[in-house]
Structures are given as C-alpha cells and as structure tokens.
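Number 1312 marks the last residue of the sequence shown (this note's numbering); no jumps.
Glycine included, each C-beta is placed from N, C-alpha and C at the ideal position.
In this text, all values refer to a predicted model and were calculated from it rather than measured experimentally.
See structure below.
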Amino acid sequence: MGLAFAVLLLATGLVVALSLNSGTISFTLSEVSEALFGQSRQGLAPQVIRNIRLPRALVAALCGMNLAVSGNLLQSVLRNPLASPNIIGVSAGAGLVAVLVMVALPGHLHLLPPAAFAGALGAAALVYALASWPGAIETGGGTVMIILAGVAVSALLNAITSGIMVLHSDDLDVTYTWLIGGLSGRSWNHVALIAPYSLPGVALAVIMSPKLNLFPLGDEIGSSLGSNIGVLRFLFIGLAAALAGSAVSVAGTIGFVGLVAPHIGRLVTGNDSRILVPFSALMGAFLLLAADLCARTVFMPVELPVGVVTAALGAPFFILLLLNRGRGGSPVGTG
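Written out as structure tokens, the structure is:
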C-alpha cells in the first residue's frame, strides 16, 4: 500500500512540475527551480511561476482534495457508488448561493466560501429531509431516495441559477465561466480563501475515517457496535457539504472528480476508509491538476474551462458505473 501512495505522490509532483513549466510561455526546469527556490524575484520566470502558476496549482490541488473526500464521504455514508457532490445537489446549492453573492455583493467576494458552504449545507439538508419523508422511505429505502431527491433538487437549483444569470446578463460572462468550473486567474487570494476550509476539513475526515467503515455494515449493526449512526451520518454529510462548498466557491461547479477519485482509490486500496480517505484526497488532487494541465495546453493558446475536461472524462465513467449497477455489480462493495 505504501508503494501505491508513493507512486501517486510522485505522479502528483510530476504534474505540478509540468503545470509550472507549461503554458503559452515555457520555462526550463532550471528556470522553474530558480523561480521557486532562488532569492531573486526579478524577471519573467519568477513573476509568472510564483504569482500565476503556483497559486493556480495549489488551488487545483486543494479543490481536487475537497471534492474527492466529499464524494468519498457521501458514497460511504449513503452506501451508493453513484453519490457525489454534483449528483446529489450539494454543488448546485453551493453554486446558487455563490452566484447570488457574486451578483448582489460583487465587492464582497470574500464571503463566497462561507456563503457556498451555507448553500451546500442547505441543499444537503433539503435532500436529506425529502429522503427522510415517511412515504419516501417506504418506496425504496433512504439511501436510494437521497440520490433521487438529490437529482431533483440539483435540477431545481440549477434552473434557478440559470434564471438569475439570464436576469443579470451583464455578469453572464463571469458567472457562466465560473459555473462550468475553471481555474483561470486563480491567485494567492483564492488559496487563502479555500485553505482554512480544505486543510482542517480533510484532516477531520481522515481522523474520523474509521467510523466510515460502520456504514457498509448497515445501520442496525453499526448501532449495535455502540455508535449513533444517525448522528454520524448527519456529521459526515455536513463535512462533505463544507468541503464541496469551499471548492465550488473558488473554482465553480467542477463535476465528476468527487465521483471518479474514490472509485479509483477503491480499485487500488480496497474499501477500508482509513486508507481510502487519504488516498482519495491525493487522487483528487492529482486528477484535477492533470485535468487543468490538459485544459491549458491541449488547445493552446485557447484555454478550456477545467470543468469541460472533467466532464468529458467523468461522464463515460458514470455511464460505466450505471451499466455495471444494471448488471448487478457493485464497484463500491456496499450494495
């Protein structure tokens, strides 16, 4: 298992190095090294690498970690391999409130992370309340209904968000690019916005990860082992909302990272959440860094929003999951 972590860490470092080196202006490895570790801050290389590419790479890594861990928590807690922040409405709630802040309070963008968190948490609470409705539980089980309620709530919130964008067409360029999901122009200010949510949130998820192993056993067995499964489910969904909301606040509604990264992690590490949560975090950072590198370089000098790349890669993965579920498979191992 240590080898898998080492390989993934090495691959992530390589992608970071390529991200710092690649772009409309290319630098040699010696120039990158000098820009990062040298004393001089004069010249083109230090300015571009330190002030543009490095903060962008850090934002990509932190957002990828957040989305991957959020998806991991939701899949484990809901015992459904199709759960992820963008599928069950968490990202849509964060996006709606964030767009409201961008339109109504354009001079107070520092409010984006807490506002997006509130939106994500509100959407999660709404989905959870709908799924907990007595009639809903009778029709097929709480975890299935959470997915169905999440899809419906996500569609509703996205429709409201689109309506706000139409009514405020002057801000359309900004909000549209942001809603697709993008990392262009991300700076040290964005790193400062997400880091206070990302680092403690991921650390808390790692610390609490042993409790995640109770959910695949079922609520009754988990409760018989001395844990309050209802309280734990609420806490983990809240933590997932906080992580997803903070990512949405600085990078927009990037999809499928929270779905794909945990599944790749399970293929490599198995279902033990004590190992899976930190591995998924690192995998999420690697995937979003790699997607952003592709978005910047494949059609250079034109830059694609990173959300387009993640959707292009993640949508086929989602279809394969659906087909596998239809054949009775369970890639998560949780039924």
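Member of A1093, S1175, A1268, R1027 whose CA lies at the smallest distance from the CA of G1284: For the purposes of this step, residue 1284 is taken as the residue at position 307 of the sequence shown. If we check each option's Cα against that of G1284, A1268 comes out closest.
Local conformation of E1011 per DSSP, three classes: Residue numbering aside, residue 1011 sits at position 34 when the sequence shown is read from its first letter. Helix, per DSSP.
The stretch 1217-1231 / the stretch 1096-1108 touching (three or more Cβ pairs under 8 Å): yes
Alpha-carbon to alpha-carbon, Y1174 and I1026: By 1-based counting over the sequence shown, the position of residue 1026 is 49. By 1-based counting over the sequence shown, the position of residue 1174 is 197. Distance between the alpha carbons of I1026 and Y1174: 25 Å.
Nearest-angstrom Cα separation, counted from G1207 out to V1054: In the sequence shown, the residue the question calls residue 1054 occupies position 77. In the sequence shown, the residue the question calls residue 1207 occupies position 230. About 10 Å.
Neighbour-count burial assignment, S1131, 16 or more Cβ in a 10 Å radius: Stepping through the sequence shown from its first residue, residue 1131 is reached at position 154. Result: buried.
Contiguous beta strand (DSSP E) assignments of at least 3 residues, all confined to the stretch 1021-1070: none
Counted within 10 angstroms of its Cβ, other Cβ atoms place G979 as buried (16 or more) or exposed: Residue numbering aside, residue 979 sits at position 2 when the sequence shown is read from its first letter. Looking at its Cβ environment, which holds fewer than 16 other Cβ atoms inside 10 Å, G979 is exposed.
Selected residue, minimal CA-CA separation from T1156, among A1228, W1165, F1004: The residue given as residue 1156 occupies position 179 in the sequence shown. It is Leu, not Thr, that sits at residue 1156 in the sequence shown. Among A1228, W1165, F1004, the Cα nearest to that of L1156 belongs to A1228.
Spatial neighbours of R1018 in its chain, beta-carbon cut-off 6 Å, leaving aside the 5 residues before and after: The residue labelled residue 1018 in the question sits at position 41 within the sequence shown. Closer than 6 Å at Cβ, skipping near neighbours: no residue.
Best match in S999, S1068, A1258, A988 for proximity to G1215 [C-alpha to C-alpha]: Counting from one through the sequence shown, the residue named residue 1215 turns up at place 238. Per the Cα distances, S1068.
Extent of the continuous alpha helix (DSSP H) run through G1261: Locating residue 1261 in the sequence shown gives position 284, where the first residue counts as 1. From DSSP, the alpha helix (DSSP H) with G1261 extends over 1250-1274.
Sequence-distant residues of the same chain with beta carbon closer than 7 Å to I1252, five excluded per side: Translated into the one-based positions of the sequence shown, residue 1252 becomes position 275. Within the same chain, I1252 has close Cβ partners M978, T1246.
Buried versus exposed, by CB contacts within 10 Å (16 or more), H1085: Your numbering for residue 1085 matches position 108 in the sequence shown. The residue is exposed, with fewer than 16 neighbouring Cβ atoms inside 10 Å.
Sequence-distant residues of the same chain with beta carbon closer than 8 Å to I1002, five excluded per side: Sequence index remark: in the sequence shown, residue 1002 carries index 25 (1-based). Excluding residues within five positions, the ones whose Cβ falls inside 8 Å are L1021, V1025.
Pairwise C-alpha distance: L1266 and A1093: Reading the sequence shown from its first residue, position 116 is the one you call residue 1093. Reading the sequence shown from its first residue, position 289 is the one you call residue 1266. Roughly 22 Å separates the two Cα atoms.
Start-to-end residues for the alpha helix (DSSP H) that takes in L1194: Working through the sequence shown from its first residue, we reach residue 1194 at position 217. Looking at the DSSP string, L1194 is not in any alpha helix (DSSP H), and its letter there is neither H nor E.
As assigned by DSSP and simplified to three states, the class of N998: The sequence position of residue 998 within the sequence shown is 21, counting from 1. Of the three classes helix, strand and coil, the one that applies to N998 here is helix, per DSSP.
For L1013 and L1088, the rounded distance between their alpha carbons: Here residue 1088 is taken as the residue at index 111 of the sequence shown, counted from 1. Here residue 1013 is taken as the residue at index 36 of the sequence shown, counted from 1. Near 31 Å, if we compare the C-alpha coordinates of L1013 and L1088.
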